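Here is the structure we will look at.
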Amino acid sequence: MDFFTFRNGVLHCEERSAAELAGAYGTPVYVYSQRTLCDHFDRFRAALAELDPLICFSIKSCQNVQICRLLRERGSGFDVVSGGELHRALLAGADPQRIVFAGVGKTEQELTEALDAGVGLLNIESESELDVLEALARDKGAQPNAALRVNPDVDPHTHEYTTTGKKQTKFGVDLDRAADVFRRHGPDAAVNLRGVHIHLGSPVYDVSAYAEALDRCLELITTLRSEGFAIDTIDVGGGFGAHYDGSESPPLTAYADVIVPRLRDAGLRVIFEPGRTIAANAGILLTRVLHVKKSGGRRFVIVDASMNELVRPALYGAYHFIWPVTAAGHEPQTRVADQPFKDLVPYDVVGPVCESGDFLAKQRALPPVQRGDLLAVFSAGAYAMVMASQYNSRPRPPEVLVDGATDRLIRRRETYEDLVAAEELSGT
Ligand SMILES: Cc1ncc(COP(=O)(O)O)c(C=O)c1O
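The letter at position 240 of the sequence shown is residue 1171 when you use the numbering used here, and the numbering goes up by one with no holes.
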């Protein structure tokens, strides 16, 4: 699943000791495993190889330019949802034709940037957006390729906040209105509307959601083709799960088993937009214990990472396995919260930010912890650093990429100067 392992009681990222990395770079710090990123990308590609798909890594999940560059060199395209993400993809050396651009509220500026860059596919989320793109394309004499993001009304059984393909979410166009969008747009317009896009939500552990959604999309495509529309692209989106406790995600073969037979002979170019599946288990957050205290009958471990660095527990109630980096006698064999050691102590692992919602775990049984200990927060490669904020004027942490026995800084720790860099500092 990844290359974070305990050796002689100390957590290692590939060949590097996490304790040494924390010593060298300070804490909190994000550490990524290059081997895990590559391995996950290769496995994803291998599972779906029969479709010869375009795999567009979803930048929103993990946006560091060096990580994007690594995946680009591995053969990845990119899924972007903003002008900023497009900028990152281009900085990473992406071929614009291998970029897909989604997003429910693209501005005219962002659409113009996409046209100027020549992105391969614009995923359109409303009639209004299609009209705006059409006008911009005519002005520029451009002929962009586009897909319509449809809302197939399928429940992916995931968190309400990350459910995106069910009726009454803001994303895409309802499936029953989709054919009319194509008809109204017509086959000869400036925008070449040639595909259908879905993204059901994330993380999705029930592969039958993809089967249901694809069947509905294929029915739509049959209808459109019978009316003369040349539909040649399907973008299946992202969202397939990752292992947070080591067991919850079905294997990629289960995902492929529902998708490949449906699309094998469909005469469609197939695009995938995985993010979490590739990045989630490729990163950890290292944090140091500042204080341990008792309050109201509970034990608190106050660490130097917070909801600023990792908001997922506060935002979604997400589970992340946490364990001491130096754990002789307590090496965990799994990533489940319930560990088989006799002397564990239940702690709330919390950060220094002035919010009661600032926690990384609640009532988590850990080996006895003291001031100065290092903890690792696992599965922190996706939707982690990308959501980091500077709340309470806390500089964002650095990111380090490990490759075998070598490590390199791929984003430096922010400074106090960075905190105020965009502000007007002179007096009146
Ligand atoms: C349109 C789209 N594609 C792909 C993704 C990536 O999802 P995941 O990281 O779960 O694979 C998202 C995530 O929100 C998305 O909105």
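Where a beta carbon is used, it is the ideal one built from N, C-alpha and C, also for glycine.
If you're wondering where the values come from, they're calculated on a predicted model, not measured in any experiment.
Do residue i and residue j have their C-beta atoms closer together than 9 Å?
i: I1253; j: L1297; result: yes
i: L1340; j: E1330; result: yes
i: D1334; j: Q1099; result: no
i: L1046; j: K1071; result: yes
i: Q1074; j: L1332; result: no
i: R1230; j: D1279; result: yes
i: R1200; j: G1126; result: yes
i: G1177; j: R1266; result: yes
i: G909; j: E1345; result: Past the edges of the chain, shown from 932 to 1359, lies residue 909, and the structure says nothing about it.
i: L1064; j: L1079; result: no
i: C987; j: V962; result: no
i: S1013; j: E1041; result: yes
i: N1082; j: G1103; result: yes
i: K1097; j: V1035; result: no
i: A955; j: R1219; result: no
i: A1088; j: A1140; result: It should be pointed out that residue 1088 corresponds to His in this sequence rather than to Ala. Against a cut-off of 9 Å, the Cβ pair of A1140 and H1088 comes out as a contact.
i: E1058; j: V1112; result: yes
i: F1309; j: M1238; result: no
i: A1066; j: Y1175; result: no
i: D1084; j: R1029; result: no
i: P959; j: A1236; result: yes
Step through the CB atoms of chain D and report whether any lies within less than 9 Å of the CB of residue i.
i: E1345; result: Although the question refers to chain D, the structure presented lacks it and comprises just one protein chain.
From residue i to residue j, what distance separates their C-alpha atoms?
i: D1105; j: L1155; result: 15 Å
i: L968; j: V941; result: 22 Å
i: V1300; j: N995; result: 32 Å
i: S1133; j: F1171; result: 7 Å
i: A1210; j: M1316; result: 11 Å
i: R1114; j: G1198; result: 21 Å
i: G1260; j: A1142; result: 45 Å
i: L1149; j: L985; result: 19 Å
i: F1203; j: N939; result: 40 Å
i: A1068; j: A1110; result: 22 Å
i: D1137; j: A978; result: 17 Å
i: I1055; j: P1244; result: 31 Å
i: S1357; j: L1216; result: 37 Å
i: H1128; j: Q1264; result: 40 Å
i: E1262; j: F934; result: 15 Å
i: T1153; j: V1256; result: 55 Å
i: Y1322; j: V1284; result: 8 Å
i: D1026; j: H971; result: 21 Å
i: D1119; j: F975; result: 36 Å
i: L1001; j: L1022; result: 12 Å
i: T936; j: S948; result: 10 Å
i: G1024; j: D1269; result: 43 Å
i: C999; j: G1015; result: 14 Å
i: T1043; j: F1272; result: 58 Å
i: L1017; j: H1116; result: 26 Å
i: L1275; j: R1302; result: 17 Å
i: F1160; j: G957; result: 57 Å
i: F1009; j: S1180; result: 23 Å
i: R1005; j: E946; result: 21 Å
Measure from the alpha carbon of residue i to the alpha carbon of each residue in the options, then state which is nearest.
i: T1208; options: R1327, L1022 and V1135; result: V1135
i: I990; options: E1004, R1019, L982 and G1006; result: R1019
i: I1165; options: I1190, S1157, H1174 and F934; result: I1190
i: I877; options: D1010, N1076 and F937; result: The requested residue 877 is not part of the displayed model; the chain covers only 932 to 1359.
i: D1304; options: R976, V1167, V1234 and S1320; result: V1234
i: H1090; options: L1217, L1131 and N1054; result: L1131
i: A1258; options: A1307, Y1347, E1348 and R1080; result: A1307
i: A1173; options: D1146, A1213 and D1196; result: A1213
i: E951; options: P1083, H1088, T1337 and R1000; result: T1337
i: V1031; options: G1168, A1311, A1140 and S1180; result: G1168
i: R1295; options: Q1040, V1232 and Y1347; result: V1232
i: S992; options: A1352, G1312 and H1116; result: G1312
i: V1223; options: L1022, P1277, D973 and D983; result: P1277
i: R1195; options: L1145, G1227 and F975; result: L1145
i: R1342; options: L1350, A1352 and P1328; result: P1328
i: M932; options: L1350, P959 and D973; result: D973
i: E981; options: A1292, S1287, M1318 and A1187; result: A1187
i: L1246; options: L1275, R1003, E1286 and V1351; result: E1286
i: D1107; options: V1351, L1151 and T1043; result: L1151
i: A1319; options: V1242, R1302 and G957; result: V1242
i: Y1314; options: E1179, H1251 and D1274; result: H1251
Please tell me whether, using a cut-off of 8 Å, the distance from the CB of residue i to the nearest non-hydrogen atom of ligand 2 is below it.
i: T1208; result: You won't find ligand 2 in this model; what it holds is ligand 1.
*asked:* Give the list of continuous alpha helix (DSSP H) stretches no shorter than 4 residues that lie fully inside the segment 1051-1131.
replied: 1058-1071 and 1106-1116
_Extract the residue ranges of the beta strand (DSSP E) inside the segment 965-1011, only unbroken runs of 3 or more that lie entirely within it._
The segment 965-1011 contains these whole beta strand (DSSP E) runs: 985-989 and 1008-1011.
_Quick check on the DSSP output: what are the complete beta strand (DSSP E) runs of length 3 or more inside the segment 1273-1341, in order along the chain?_
For the segment 1273-1341, whole beta strand (DSSP E) runs of length 3 or above, ordered along the chain, are 1276-1281, 1290-1297, 1305-1308 and 1330-1334.
*In the segment 1224-1263, which residue ranges form an unbroken alpha helix (DSSP H) of at least 4 residues, counting only runs that do not cross its ends?*
1243-1247
*Hey, which unbroken runs of the alpha helix (DSSP H) at 4 residues or more fall wholly within the segment 1152-1231?*
1183-1194 and 1207-1210
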